[in-house]
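These protein sequence lines are chains Z, H, E, S, R and A, in that order. Just so we're aligned: 112 in my numbering is position 112 of the first sequence, and the numbers increase by one with no gaps anywhere. Just so we're aligned: 230 in my numbering is position 59 of the second sequence, and the numbers increase by one with no gaps anywhere. Just so we're aligned: 359 in my numbering is position 17 of the third sequence, and the numbers increase by one with no gaps anywhere. Just so we're aligned: 523 in my numbering is position 10 of the fourth sequence, and the numbers increase by one with no gaps anywhere. Just so we're aligned: 798 in my numbering is position 114 of the fifth sequence, and the numbers increase by one with no gaps anywhere. Just so we're aligned: 971 in my numbering is position 116 of the sixth sequence, and the numbers increase by one with no gaps anywhere. Shown next, in structure tokens, is the structure this report addresses.
Number of protein chains: 6
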Amino acid sequence: MKAKTPSESLTILTDYVLPGETNPLDSLFGGELLARMDRACGIAAQRHAENIVVTASVNHVAFNKSVPVGSVLVIEAKVSRAFGSSMEIYADVWRECMEEKKRVKVNEGIYTFVAVDKEGNPIRVPALQPETELEKQRYDAALRRKQLSLVLSGRMKPEEATELKKLFYDN
Amino acid sequence: MKAKTPSESLTILTDYVLPGETNPLDSLFGGELLARMDRACGIAAQRHAENIVVTASVNHVAFNKSVPVGSVLVIEAKVSRAFGSSMEIYADVWRECMEEKKRVKVNEGIYTFVAVDKEGNPIRVPALQPETELEKQRYDAALRRKQLSLVLSGRMKPEEATELKKLFYDN
Amino acid sequence: MKAKTPSESLTILTDYVLPGETNPLDSLFGGELLARMDRACGIAAQRHAENIVVTASVNHVAFNKSVPVGSVLVIEAKVSRAFGSSMEIYADVWRECMEEKKRVKVNEGIYTFVAVDKEGNPIRVPALQPETELEKQRYDAALRRKQLSLVLSGRMKPEEATELKKLFYDN
Amino acid sequence: MKAKTPSESLTILTDYVLPGETNPLDSLFGGELLARMDRACGIAAQRHAENIVVTASVNHVAFNKSVPVGSVLVIEAKVSRAFGSSMEIYADVWRECMEEKKRVKVNEGIYTFVAVDKEGNPIRVPALQPETELEKQRYDAALRRKQLSLVLSGRMKPEEATELKKLFYDN
Amino acid sequence: MKAKTPSESLTILTDYVLPGETNPLDSLFGGELLARMDRACGIAAQRHAENIVVTASVNHVAFNKSVPVGSVLVIEAKVSRAFGSSMEIYADVWRECMEEKKRVKVNEGIYTFVAVDKEGNPIRVPALQPETELEKQRYDAALRRKQLSLVLSGRMKPEEATELKKLFYDN
Amino acid sequence: MKAKTPSESLTILTDYVLPGETNPLDSLFGGELLARMDRACGIAAQRHAENIVVTASVNHVAFNKSVPVGSVLVIEAKVSRAFGSSMEIYADVWRECMEEKKRVKVNEGIYTFVAVDKEGNPIRVPALQPETELEKQRYDAALRRKQLSLVLSGRMKPEEATELKKLFYDN
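Structure follows, in structure tokens:
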């Protein structure tokens, strides 16, 4: 299977924040943002895998800035690394400010999807070939995140988490 | 401020999985589940804080089992630890199987909320006093998760993450 | 078939009142509340019957207090009596007031569901064994309500509605 | 205030039954139908009152026939009687069968609305002047239903419920 | 196949404008109105064709007046002409003003639907027999609109668009 | 005001077709597509105008191919011409076919938006400077469409529609 670049899976979901999607502070509900990011990341994963994909996990979504009702919200999702049948997807989220004539980064999130066949069995996906500097950083960090996830769930022994240990021993 | 127990914030959200909330495999969409968990966790945080709360981050949501359309889905959310103005909330998710006459754990997730006043400024919340064995385990693990989050975002040096380091040095 | 207690079917649906579910007075729409109660009552009926259930009728839902947008709404539904293949479900509805640190009863409603097989034919459900004082009162009243419903729809002669007649003759 | 006829408040809500509104038998969810009827009845009440109205209670909604997904559903709502600031609204529900080239009555329901000012205080509405035979029957029955509701909620003594008592004594 | 009148397909969709359907000016979103008109026109087409129908095109929808949240919106749709398997549907849209005690025309739109069998193949529909003066005007104009649509899409040569040319040559 | 290029307003809305948005043939409802196109076109108009915009009209939306449930749908909207305070927006719609590994054009539509201030009064927008061959074609055609719209609504005499007349006289 030929490796693919992150830009081949780039998915852009631009949409309004409607009044029915807000919390009592008149800002976008966290849960609605999680759902939109899941759809954008799922489409990016499907473009990379060219198969059905299902959400496997969500990691490290940080809500840094609130998004007022009426905003235009832009989600850009790209595959950041592939591992066998699973893919890590990175989503960057901006809101556009009409008044300030610029866009502001409000959030980012990392999702993991698995490619499956019609019976739900995992199937292999192409490897990822990062191109830009940021894509390479995220590609490297994805391995640490994967080891961390395996250690925290008890499926990997800490001493085997080579990439993760460097973080602590090297300091 | 008097400490509170996890059971004081217990929030139960029982609802159907409707046809409009499913993926191409006729199972609950990951994004819809994330949104429901966010609402249940937000209400648990609000009950603990007795103030407005907003989603700060989502960590470690794992989708272990798919949830077919028509299922009854039960989310139980409780505060697992409080840190100043932020709260970690643990959500356990089950689906009920009419045929098998039992309920099956399908998912769990950890969300962080922050209590704010009407201008959106953080305000302190009560400490958490865990009671059951599981609540105590989750309370202890919450500190490691918090350090991990601070290290990964560059707001804490790895050598200061005392709880986290034990995980690696002790092995 | 072994009788069941009301608490075996207790179903709790806790959720926010979102801006998309309000009337021109910024309170929860009656229709949205009816839909939520229907889902909670349906799940309670399904837990009692361990079979598919469909709504048969709605009786005596009284909207006593309005529920402002942003409220946390709690619906608690339990089977109050079973008659062959049909079940009467009682739903109590509260809203939580963050400011007043208490919960307020806003509504109650009574729904009837019928258990059916996959072709939609009625099938028998377990009898109900009430336990608390309130459960016993509701169990007794359910018979009067059933007779009333039969009389009003012309399927029972008033003189045969023994329980109902007492209401009038005894006074 | 000049009396009005039922036809002045006639409200027709024709719409599809969409896949997102169905139960596990692929028929319209009871709760969704209740919500649609509430909106149609609310508009009929508002047309009669020419003021804001809020749902006060729901009585005697019977689900006689299931409504398959894809059906065209027609709700016709008219005021059946007015009492001071409250109005009883009668809704008849049909589904249209493309194949059988006819429409079938599937349901009917009775709602009560109250007219209020912008602070939510009740305000008087015009009296109702029924015209057709069916409108007159429903107008008469509305008084029995009102007495019944008052008796059941303890706000009227059974011996004062003159219309209701006839139902039992005369037989 | 016997011709039908426009009134045989008259479809009325009366519903509220809810807060979840509004733009930043607190008026009904254009897209939501387009969707409601599509459903009303689709039902009118289905009543005329007595078969499944799908949207073929939308022409000349003009948003003349904004519709504030909380309004009652009335859509009346009728077939304006039939051509083989396609039907032109005319939708008139009003909002009701409680304060001004009248209804105001806010919008009108023209949709084209095609009748299809279960495999999606076009099937013939009855001809239309207009009755009122307005129905006759719309029936005549429909032919000009059809020619215009064919010319603009390159499927008819301008010199063959006899009805359309009159518009320019006669002036 | 400096002119802008179409690519400065390019808006991409990529999202799934969910089961709750389908017609009886299990394809995307026309009305849902119209609503999504309205949101994408509205954001493109807002990016061009840097002000609030409202839908003024919809012209010539043709539904050429059905879009099955589960598809990924991509809408790309760009301003095609500006006239004072109004903007014509062109939306191209594709669906992605996982199996056929390509994307297919399914639809296109033309919307008109008007830029307004917070009181709803029209305000001027920048002129458009087309760049590509297709953008230039659409820019020219936009004037004919505008004249056509004015003629059909009686706001321009046919003999003054210079661009439009060429279409007929030159043939």
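Every residue gets a Cβ at the ideal spot worked out from N, C-alpha and C, and that includes glycine. All of these numbers come straight from a predicted model, not from anything done at the bench.
By the criterion of Cβ-Cβ separation under 7 angstroms, what are the contact partners of residue i in chain R?
{"i": "proline 366 of chain E", "result": "Gly754"}
Exposed or buried, which one is residue i when buried takes at least 16 other CB atoms within 10 Å?
{"i": "cysteine 781 of chain R", "result": "exposed"}
{"i": "glutamate 331 of chain H", "result": "exposed"}
{"i": "lysine 578 of chain S", "result": "exposed"}
{"i": "glutamate 477 of chain E", "result": "buried"}
{"i": "asparagine 1026 of chain A", "result": "With a pLDDT of only 42 at asparagine 1026 of chain A, under 50, the local geometry of the prediction cannot be trusted, and the value read off the model is given with reservation. Per the 10 Å Cβ criterion, exposed."}
{"i": "arginine 829 of chain R", "result": "buried"}
{"i": "serine 522 of chain S", "result": "buried"}
Mind pulling the chain H residues with CB within less than 7 angstroms of residue i?
{"i": "proline 532 of chain S", "result": "Pro190 and Gly191"}
{"i": "arginine 381 of chain E", "result": "Asp186 and Tyr187"}
Would a C-beta distance cut-off of 9 angstroms place residue i and residue j closer than the cut-off?
{"i": "valine 619 of chain S", "j": "tryptophan 607 of chain S", "result": "yes"}
{"i": "leucine 199 of chain H", "j": "valine 238 of chain H", "result": "yes"}
{"i": "isoleucine 223 of chain H", "j": "alanine 298 of chain H", "result": "no"}
{"i": "glycine 886 of chain A", "j": "valine 916 of chain A", "result": "no"}
{"i": "threonine 182 of chain H", "j": "cysteine 212 of chain H", "result": "yes"}
{"i": "isoleucine 807 of chain R", "j": "aspartate 528 of chain S", "result": "no"}
{"i": "leucine 18 of chain Z", "j": "valine 69 of chain Z", "result": "yes"}
{"i": "serine 598 of chain S", "j": "valine 638 of chain S", "result": "yes"}
{"i": "leucine 375 of chain E", "j": "phenylalanine 405 of chain E", "result": "yes"}
{"i": "alanine 77 of chain Z", "j": "leucine 143 of chain Z", "result": "no"}
From residue i to residue j, what distance separates their C-alpha atoms?
{"i": "tyrosine 966 of chain A", "j": "threonine 910 of chain A", "result": "7 angstroms"}
{"i": "lysine 337 of chain H", "j": "alanine 35 of chain Z", "result": "36 angstroms"}
{"i": "isoleucine 431 of chain E", "j": "alanine 424 of chain E", "result": "9 angstroms"}
{"i": "leucine 848 of chain R", "j": "glutamine 831 of chain R", "result": "7 angstroms"}
{"i": "histidine 561 of chain S", "j": "lysine 344 of chain E", "result": "52 angstroms"}
{"i": "phenylalanine 626 of chain S", "j": "proline 985 of chain A", "result": "57 angstroms"}
{"i": "valine 151 of chain Z", "j": "glutamate 392 of chain E", "result": "40 angstroms"}
{"i": "alanine 216 of chain H", "j": "lysine 289 of chain H", "result": "16 angstroms"}
{"i": "threonine 645 of chain S", "j": "methionine 600 of chain S", "result": "18 angstroms"}
{"i": "glycine 291 of chain H", "j": "alanine 483 of chain E", "result": "49 angstroms"}
{"i": "glycine 20 of chain Z", "j": "methionine 156 of chain Z", "result": "43 angstroms"}
{"i": "threonine 846 of chain R", "j": "arginine 822 of chain R", "result": "17 angstroms"}
{"i": "alanine 91 of chain Z", "j": "aspartate 38 of chain Z", "result": "9 angstroms"}
{"i": "lysine 273 of chain H", "j": "arginine 445 of chain E", "result": "32 angstroms"}
{"i": "proline 842 of chain R", "j": "threonine 877 of chain A", "result": "37 angstroms"}
{"i": "serine 7 of chain Z", "j": "glycine 838 of chain R", "result": "37 angstroms"}
{"i": "serine 320 of chain H", "j": "serine 149 of chain Z", "result": "13 angstroms"}
List, in order along the chain, the chain S residues whose C-beta lies closer than 7 angstroms to that of residue i?
{"i": "aspartate 776 of chain R", "result": "Simply none; closest approach about 14 angstroms."}
Examine the ligand SAH and report whether any of its heavy atoms sits within less than 8 angstroms of the Cβ of residue i.
{"i": "arginine 497 of chain E", "result": "Judged by which ligands are present, the structure shown has none, so any question about the ligand SAH falls away."}
For residue i, which residues in chain A fall below 9 angstroms Cβ to Cβ?
{"i": "glutamine 46 of chain Z", "result": "Val927, Glu951 and Met953"}
Taking C-beta pairs closer than 7 angstroms, name the residues in chain E that residue i reaches, listed in chain order.
{"i": "glutamate 221 of chain H", "result": "Met440 and Lys443"}
How would you list, in chain order, the residues of chain A whose beta-carbon sits under 7 angstroms from the beta-carbon of residue i?
{"i": "leucine 718 of chain R", "result": "Gly886, Leu889, Ala890, Asp893 and Val913"}
For residue i, return the contacting residues in chain E, with the cut-off set at a CB-CB distance below 8 angstroms.
{"i": "serine 579 of chain S", "result": "Val396 and Gly462"}
Give the residues of chain Z in contact with residue i, contact being defined as C-beta atoms less than 8 angstroms apart.
{"i": "threonine 866 of chain A", "result": "Thr14"}
Which residues in chain S sit within 8 angstroms of residue i, going by Cβ to Cβ distance?
{"i": "isoleucine 727 of chain R", "result": "Thr527, Asp528, Tyr529 and Val585"}
Open item on the list: Short of 7 angstroms Cβ to Cβ, which residues in the stretch 108-121 of chain Z face chain A?
Closed with: none
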